[in-house]
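What follows is one structure encoded as structure tokens, with my remarks underneath.
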Amino acid sequence: MPSVRDVTFDLLRRLDLTVVVGNPGSTEETFLKNFPPDFTYVLALQESSVVGIADGLAQGLKKPILVNVHTGAGMGNAMGCILTAFLNKTPLVITAGQQTRDMLLGEPFLTNIDETLLPKPWVKWSYEPKRPQDVPGAFMRAYAMAVQQPCGPVFLSLPLDDWEKEMEALDVLRTVSTRHAPDPARIEDFAARIRASINPVLVYGADLSRSQGWDAGIALAEALGAPVWLGPFTECVPFPGNHPLYAGVLPPAVGPLGQALAGHDLVIVVGAPVFRYYPWVAGETLPAGTKLLQIIDDPYEAAKSVIGDSLVADSLLAVQALLPKVGSRPVRGPLRQKAPAAAVPDDAPLPLTPGQIFAVLSQVAPEDVIVVNESPSNMRELAGTPLGVVTRPDSAYMMASGGLGWGMPAAVGLAMAEGRTGRNRPVVAVIGDGSFQYSLQSIWTGVQHAAHVVFVVLRNEEYGILKAFARLEDTPGVPGLDLPGLNIVSLGKGYGAATAKASSPAEIRAAFATALAAKGVWVIEIAADKHIGDLLPQ
């Protein structure tokens, strides 16, 4: 009679869950015993990096990834990136070992107490099988939950003594649909309201990207002749920044966002929350008389929207259903003149501004680069240079949560996905020197798996975005916002990366060109000036 392990691993093969990203502990070793040669184990050195790498890998491969962390302590380390994976809507099957069933009543050392409660609310489902023989079925249910819209992480707690138990060779494999088609009556209503609008505007979010709706989003914008804004903090860009109808990124505050939409009688939000706000700035949510329609794949997001009427559906399917019903409008010219790229002379005063640094990097960056951004205070500066202008689908990522520590491991995971698929696009992670400290252990995993990722670390020795927030909120004298004494190059070397330290334009170009050509993992430290910009655009 087969064991629980035999039946479970056979199911995992059939589900194509053969990549395990983990950091093993004593309660996980029974699961990993005699690890099958047709599976791949990706070791990360801390559980936050485990989940971040799996998140990037899942997004790059467009399929769920299996995660294995160490009982309750490991889950605690992982929670920041689990929260981000949930808001990123990344399908992950997260597992953690549990102590032996025979001892659980007395809660021995390393017991995961209230194991299903610990990851909530940042997983879609959390479960510990009631019997060893339920383990395969629990994996099947977890997989089905993870891939159904809205996709996201799920959690299984697995007692360490379950794996050797015997069970019948049950076939629990089944399939579930993964997309919600739109309600036809709601589509007719939305289409009629769009046709009746005088000056509509579109707001796109990451659901459109996740549903592979890049081309459909362009088609809808061109049919309506409508400008396209990205929602605040869009984690995966769904629309080309060089398109004539691209308007920019909406500010993440009530008053400024409402003002940005002035002059439009209808706002059509596709695949984004309504809205992601950050600081409180009073004002009208929408201009007077403006109406809003939202398409989102998450009933929870639809319910909590602060304004407008919602349709719960897959973004691509909804846009495809709308396109033949909304008609077409005259073609518009460019919404704004494209500013010429600012030249940065080789003798520019040092340290360079972030905008100058990104302009120099843009001179070297290839067209097919993937950019991961976790330099929060410099998002606007990056977006204003060719390196930050997204022109291809699946090529720009950031975290939806605002929690630091996701960008570096996610970049490693994305780079590993590029290698596994054979696309081999280079991944460039723009990281602040503060962000760099959260998950730098992920460098080692990238080195071990020969991932091609270049970490560009801007060193301004401060939490710049927090200083900008403090200025907006008029809170002077906040401690803990300066970061002196960090040696980024030494930290990169310690984990096996190739490193460079650059300050002048010539040094930056040379280091970046070398890193792009040489493959592998690189850490490039670049000193940036300490000017504190405005948190919100003026």
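In my numbering, the protein residues as written are 246 to 783. Glycine is no exception: its CB is placed at the ideal position from the N, C-alpha and C atoms.
For residue 279, the secondary structure class from DSSP, reduced to helix, strand or coil, is coil.
With contacts defined as CB atoms closer than 9 Å, residue 622 and residue 712 qualify as a contacting pair.
Per DSSP, reduced to three states, the secondary structure at residue 727 is strand. Residue pairing for residue 676: DSSP places it in a beta bridge opposite 619 and 702. Here the alpha carbon of residue 759 sits roughly 47 Å from the alpha carbon of residue 566. In the displayed model, residue 474 falls within a strand according to three-state DSSP.
Between the alpha carbons of residue 529 and residue 377 lies a distance of about 56 Å. The beta carbon of residue 706 lies closer than 6 Å to those of 728 and 729 in the same chain, with the five residues before and after it left out. If you compare the alpha carbons of 476, 762 and 716 with that of residue 777, the shortest gap goes to 716. Around the beta carbon of residue 433, a 10 Å sphere encloses fewer than 16 other beta carbons of the protein chains shown; the residue is thus reported as exposed.
Here residue 380 is not near residue 263, since their CB atoms are 9 Å or more apart.
Here residue 497 has 477, 478, 521, 522 and 523 as same chain residues with Cβ atoms under 7 Å from its own Cβ, once five neighbours each way along the sequence are excluded. Taken in chain order, the complete beta strand (DSSP E) segments of 3 or more residues contained in the stretch 253-325 are 264-267, 285-288 and 310-314. Runs of the alpha helix (DSSP H) spanning 4 or more residues and lying entirely within the stretch 413-476 occur at 429-441, 451-455 and 459-469, in chain order.
In the structure shown, residue 404 adopts extended strand secondary structure according to DSSP, grouped into three states. The three-state secondary structure of residue 394, taken from DSSP, is coil.
Here residue 527 carries a coil assignment [DSSP, helix/strand/coil]. Here residue 486 carries a coil assignment [DSSP, helix/strand/coil]. Residue 608 holds the alpha-carbon nearest to the alpha-carbon of residue 755 among 588, 608, 315 and 303. One alpha carbon belongs to residue 416, the other to residue 336, and they sit about 23 Å apart.
In this structure, residue 646 lies away from residue 289, with their beta-carbon atoms at least 9 Å apart. Residue 421 sits exposed, since fewer than 16 C-beta atoms from the chains shown fall within 10 Å of its C-beta. Distance from the CA of residue 504 to the CA of residue 532, rounded to the nearest whole angstrom, comes to 7 Å. Using a 10 angstroms sphere on the CB of residue 663, the tally of other CB atoms reaches 16 or more, which defines it as buried. Counting only residues of its own chain and dropping the five nearest sequence neighbours on each side, residue 308 has a CB closer than 7 Å to the CB of 261. Here residue 491 is bridged, per DSSP, to 473. Shown here, residue 659 sits in a helix according to DSSP, grouped into three states. One alpha carbon belongs to residue 494, the other to residue 474, and they sit about 5 Å apart. In the same chain as residue 312, and ignoring 5 residues on each side of it, the C-beta atoms closer than 7 Å to its own belong to 266, 267, 295, 296, 299, 337, 338, 339 and 340, in chain order.
Pairwise C-beta distances place the stretch 593-608 out of contact with the stretch 451-460, as fewer than three of them are shorter than 8 Å. In this structure, 514 is the residue among 488, 469, 666 and 514 with its C-alpha nearest to the C-alpha of residue 546.
The DSSP assignment places 544-549 and 560-567 as complete runs of the alpha helix (DSSP H) inside the stretch 504-578, in order along the chain (cut-off: 4 residues). Here residue 744 is bridged, per DSSP, to 768. In this structure, residue 371 lies away from residue 315, with their beta-carbon atoms at least 9 Å apart.
Judged by DSSP secondary structure, residue 733 falls within the alpha helix (DSSP H) whose first and last residues are 733-739.
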